[in-house]
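Chains A and B supply the protein sequences, listed in that same order.
Following our numbering, the numbering of the first sequence begins with -2 at its first residue and continues without gaps.
Following our numbering, the numbering of the second sequence begins with -2 at its first residue and continues without gaps.
2 protein chains.
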Amino acid sequence: MISQSKIQDKRKEIWDAALKLFVEYGFHGTPTSKIAAEAGVANGTLFHYYKTKEDLVIVLYNDIKNELNSYITSKVSCNESLETKVKIMFINSLYWALDNREKFYYIHQFHFSPHFAKISPETIHQQSTCHIRLIEEGIKAELLKPLPIEFLLTIVSSHVFGVYQYLTSEDFSESQQKKVINDAFGMLWDMIAP
Amino acid sequence: MISQSKIQDKRKEIWDAALKLFVEYGFHGTPTSKIAAEAGVANGTLFHYYKTKEDLVIVLYNDIKNELNSYITSKVSCNESLETKVKIMFINSLYWALDNREKFYYIHQFHFSPHFAKISPETIHQQSTCHIRLIEEGIKAELLKPLPIEFLLTIVSSHVFGVYQYLTSEDFSESQQKKVINDAFGMLWDMIAP
DNA sequence: TTTTAGATTGACTAATCACTCCACAAAGGT
DNA sequence: ACCTTTGTGGAGTGATTAGTCAATCTAAAA
C-alpha cells in the first residue's frame, strides 16, 4: 500500500509542478524540462508517466474538472429546497475556486486554448450533468425562468466566473468575501427566478 | 495619400493574418513564418512592422479593444434614459461580438494568456472608462444597486460573454438571436436594478 | 539623372524544445 | 538466486523557431 502510493508520488509531483508552471507561464511558456526540474525528476521520467506534453495538459484538465464536480456534489444533500440547493452549489463553487485558484484559473486557461478542441462533446456534457439536472428540475417546478437549459447553464457559469474575478481582483477580508458572495447570489436569483 | 495607405497594406495584411491564425492555432501554435506566409510577405517584413512576435500580439489586443470601445460609444447618444443607454450598449456589444467573432474571441484568449500581464493597469482602466462612467451615473440616480463599480462592471462583462458563448454554441436564426439578446437584457436588468 | 531613404526579401543562425533511447536500479514473484 | 516488470535517469537528436542581416528593389526628392 505504501509502495503503491510512493510509486505514484512522482506522477503527482509532476502533476503539481505542471499546474503551477502552466498557470504562471502558460502552456507554451513552460517547457517539459522545467516541469521535470520543478517536480524534482529527470526529463525522461515525465514521459514515463505522461505520453506527451499535451497528454499532461489534458489529464490536468480532466482531473481538475472531476475534482470540482465531486466537491460540489458532495456538498448538496437531496432533502433541501431547490433554491437552497442552487445556493449551496453556487457558494461552494466560489469557495472552492478561492481555495484552489490555480486549478480554477487552469480550467479557464484551458478553455481558451486550442487544447480544448481535443475534449469530446460527450465528455463536456457529462462534466455538467449534475448542474443540468438541477436546472431541469427548477424549470419544471417553475422556480426558474422557462428558458433553454443550456442558456441558463451558460449564464450561471459565467456569473460564477465574474464573481470569482472580482473576488480575486482585490484583497478582501473573509467577511467582505462573504458579503460579496451573498450579494452575488441574490443577483443571480433575481436574474433566473421567474 | 494612396501610397500612404499602400505602404500600410502589408502591415494590415500581417495584422489580419495574425488574428486569423492566433485564434485558430493559439499564440504558440502559430509561428511567425506562417503569419508571414498567410499575409503574402517575406519573413523579414513581419519584423519590419512589428519589433517582435509579442509586440504583434499586444498591438492586436489594443487595436481590437479600441475598435470595440469606439464602436460601442458611437452607438449611444446623450439624450437617452440611462436604462436605454445601458440596453443599447449591451445589445451592441453582442452584435459587434457576433459580427467580429475572431476579434471578440481574441480578446478573451489574450486575457487568459501570460501576455495580459504586459498590459499596464492604467491602460486596462482607461479601456473601460466609458462603462465605468455609465455605472457611476446609474448608481447616483438610484437606477442601479449601490454596489462597488468594479463589481458591477465585472458582473456585466461576464454576463455579456456568457450570452455570447450561448449564441455561438448553436446556430440561431436572426429572430432567435434577437429573442435571446432581449431575454438576456431583461435578466441583466433584473440583476442590477434595485 | 542621381541620390537617398525606406521597404522587402529570404537565407541564415543560435537557441530551444519535445521526445527518444538505453543503461541501470528496485521490487516482486517463483 | 533468477527472472520479469516497472521505474528512473540524463545525455542525445532532429526538428522547429524567433529574430538578424546584408543585399536588392522602389519611388520620390533634389
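Glycine included, each C-beta is placed from N, C-alpha and C at the ideal position.
At least one CB of chain A lies nearer than 7 angstroms to the CB of B/Asp187. Counting C-beta pairs closer than 8 angstroms gives fewer than three between the segment 31 to 51 of chain B and the segment 62 to 71 of chain B, which falls short of the contact rule. Taken in chain order, the complete alpha helix (DSSP H) segments of 4 residues or longer contained in the segment 101 to 144 of chain B are 118 to 123 and 126 to 137. The CB of A/Ser110 comes closer than 7 angstroms to the CB of Gly23 in chain B, given here in chain order. Rounded to the nearest angstrom, the Cβ distance from B/Ala181 to B/Val160 is 4 angstroms, consistent with a contact under 8 angstroms.
Around the C-beta of B/Thr151, 16 or more other C-beta atoms lie within 10 Å, and the residue is accordingly described as buried. Taking the Cβ atoms as the reference, A/Ala138 lies roughly 6 angstroms from A/Leu79, within the contact range of under 8 angstroms.
Of all C-beta pairs linking the segment 142 to 151 of chain B to the segment 102 to 119 of chain B, fewer than three are shorter than 8 angstroms, placing the two stretches out of contact. DSSP places B/Gly26 in the coil class of the three-state scheme, outside both helix and strand.
Here B/Gln173 is exposed, its C-beta having fewer than 16 other C-beta atoms within 10 Å.
In the pairwise beta carbon analysis, the segment 79 to 91 of chain A is classified as not touching the segment 33 to 43 of chain A: fewer than three pairs are separated by under 8 angstroms. Between the beta-carbon of A/Ile69 and that of A/Ser90 there is about 6 angstroms, and that keeps the pair under the 8 angstroms contact cut.
Residue environment: A/Tyr22 is assigned as exposed (fewer than 16 neighbouring CB atoms within 10 Å of its CB, all protein chains considered). Assigned with DSSP and collapsed to three states, B/Ser170 falls in coil, not helix or strand. Counting the other Cβ atoms within 10 Å of the Cβ of B/Ser71 gives fewer than 16, which makes it exposed. By the neighbour-count definition (other C-beta atoms within 10 Å, threshold 16), A/Gly135 is a buried residue.
Shown here for A/Phe169: same chain residues with a beta carbon closer than 8 angstroms to its own, the five before and five after excluded, namely Val177 in chain order.
For the pair B/His122 and B/His128, the Cα-to-Cα distance works out to about 10 angstroms. Restricting attention to alpha helix (DSSP H) runs no shorter than 4 residues, the segment 24 to 97 of chain B encloses them at 29 to 36, 40 to 46, 50 to 72 and 79 to 96, ordered along the chain.
Contact between B/Arg98 and B/Thr165 holds, since their C-beta atoms are separated by about 7 angstroms, short of 8 angstroms.
Secondary structure at A/Ala190: coil, using DSSP grouped into helix, strand and coil. B/Gly26 has a beta carbon lying within less than 7 angstroms of a beta carbon in chain A. Excluding five sequence positions before and after B/Thr27, the CB atoms of its chain that fall closer than 7 angstroms to its own CB belong to Leu18 and Phe19, given in chain order. Identification of chain B residues near A/Thr126 by a Cβ-Cβ cut-off of 8 angstroms yields none; the smallest Cβ-Cβ distance measures about 17 angstroms.
A/Ala39 counts as exposed, since fewer than 16 other C-beta atoms from the protein chains shown sit within 10 angstroms of its C-beta.
Using a CB distance cut-off of 7 angstroms, A/Gly135 does not count as an interface residue toward chain B. Sorting B/Leu95, B/Leu57, B/Glu51 and B/Leu149 by C-alpha distance to the C-alpha of B/Trp186 places B/Leu149 at the top.
Taking 7 angstroms as the threshold, the shortest C-beta distance from A/Thr49 to chain B does not fall below it. Between B/Phe24 and A/His108, the beta carbon gap of about 15 angstroms keeps them out of contact (Cβ cut-off 8 angstroms).
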